[in-house]
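Here's the structure, in structure tokens; my notes come after.
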Ligand code: NAP
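In structure tokens:
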């Protein structure tokens, strides 16, 4: 079955990943765009989601590619109009607003899909299966990238609700909460806020699993040169290392998987399957960890950050 889809917010991720992935997915046909600034040749384009929903009664689903702040109101409008909704990560600016969306979607009988694209990286499920068979000793996450390269001019990311360095960091936490055989919670956090920003540029988290396995994470947006998206799991039986955000897997030092990026194709296939099954998929564990880090975090002020160095 093919569902008609409206896409909201024609920014970086919409252009780089959503448009080509929708094109490659049989389950969806892109039928409309809602964008304040842009359009696509050959498609109706509306200023905002309200205009799009009103003008396109046959649109079955919407995909929200906007910043987390403000996405709640867009999702509410779509759910109230009886459309299925796919949310970019993080699913919202707060945990409780997404819980409200889940209740609303269930009451309206529509699918709500909170995506975690990093969980769709090629090695994640293999690592998850492997860790079920091993005794874990320690997990160490290093997620370090150059914000000037990946998020130039994105003001929303530094505002309250924009998450700062947790915007990439939550990708690591989405993988962590998928591969760990048991729940994890933070015990302390250290958050570095630039003097002129509302969101952190660096963070260190100390977490622990239910049975006491220590999990530490370092997120840093000031890394130039080679970028780091690694999760190292030390076990009694040897080391398991996820690299490049989960695209590569090393087991006991040997490379086991290195695969191309089909994360967003998998997300759209899953969205279509959820609609057909009449189900929702909303796992708030990664967002809850971030919220807890903000609750527990020691705040440290660092030098002001400017887009141009
Ligand atoms: P972006 O480049 O800033 O694009 C967001 C788009 O949302 C804007 O171009 C704008 O589109 C629309 N928008 C609506 N209200 C807005 C507002 N108040 N401020 C700014 N834009 C607004 O951001 P992005 O990188 O695509 O990220 C969007 C979401 O995708 C975020 O939740 C992010 O975490 C997630 N994501 C991003 C990446 C990445 O590498 N960039 C990767 C995975 C996930 P119009 O001008 O068309 O209205």
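Residue numbers (the numbering used here): 51 to 359. Glycine is no exception: its CB is placed at the ideal position from the N, C-alpha and C atoms.
Since residue i and residue j are thought to touch, with beta carbons under 8 Å apart, how far apart are those beta carbons, to the nearest angstrom?
i	j	result
residue 102	residue 126	About 14 Å separates the two Cβ atoms, so there is no contact after all.
residue 209	residue 119	7 Å
residue 207	residue 196	So it is not a contact: roughly 14 Å between Cβ atoms.
residue 260	residue 172	About 28 Å separates the two Cβ atoms, so there is no contact after all.
residue 77	residue 312	Not really, about 15 Å apart at Cβ, beyond 8 Å.
residue 295	residue 271	Not quite, the Cβ-Cβ distance comes to about 15 Å (not below 8 Å), so this is no contact.
Compare the C-beta of residue i against all C-beta atoms of chain B and say whether one is closer than 8 Å.
i	result
residue 101	The displayed structure is made up of one protein chain only, and chain B is not part of it.
Using only the alpha-carbon positions, how far apart do residue i and residue j sit?
i	j	result
residue 58	residue 151	17 Å
residue 308	residue 181	18 Å
residue 348	residue 291	29 Å
residue 74	residue 265	37 Å
residue 191	residue 253	11 Å
residue 222	residue 281	8 Å
residue 141	residue 346	21 Å
residue 110	residue 53	6 Å
residue 336	residue 351	25 Å
Counting C-beta neighbours from all protein chains within 10 Å, is the total for residue i 16 or more, i.e. buried, or is it exposed?
i	result
residue 51	exposed
residue 227	buried
residue 310	exposed
residue 170	buried
residue 115	buried
residue 211	buried
residue 188	exposed
residue 304	exposed
residue 146	exposed
residue 138	buried
Starting from residue i, trace the alpha helix (DSSP H) both ways and give me its first and last residue.
i	result
residue 221	216-229
residue 66	Where residue 66 is concerned, there is no enclosing alpha helix (DSSP H), given that its DSSP letter is neither H nor E.
residue 344	335-346
residue 289	Premise fails: residue 289 lies in the beta strand (DSSP E), 288-293, not in any alpha helix (DSSP H).
residue 232	Unbroken run through residue 232: none, as it is neither H nor E.
residue 150	145-158
How about residue i: is its Cβ closer than 7 Å to a heavy atom in the ligand NAP?
i	result
residue 316	no
residue 277	no
residue 75	no
residue 217	yes
residue 240	no
residue 271	no
residue 94	no
residue 60	yes
residue 251	no
residue 204	yes
residue 144	no
residue 120	yes
residue 247	no
Ends of the beta strand (DSSP E) at residue i?
i	result
residue 256	252-259
residue 163	162-164
residue 298	298-301
residue 280	278-285
residue 112	111-114
Is it the case that the CB of residue i approaches a heavy atom of the ligand HEM more closely than 7 Å?
i	result
residue 198	In terms of ligand content, the structure shown lacks the ligand HEM and carries the ligand NAP instead.
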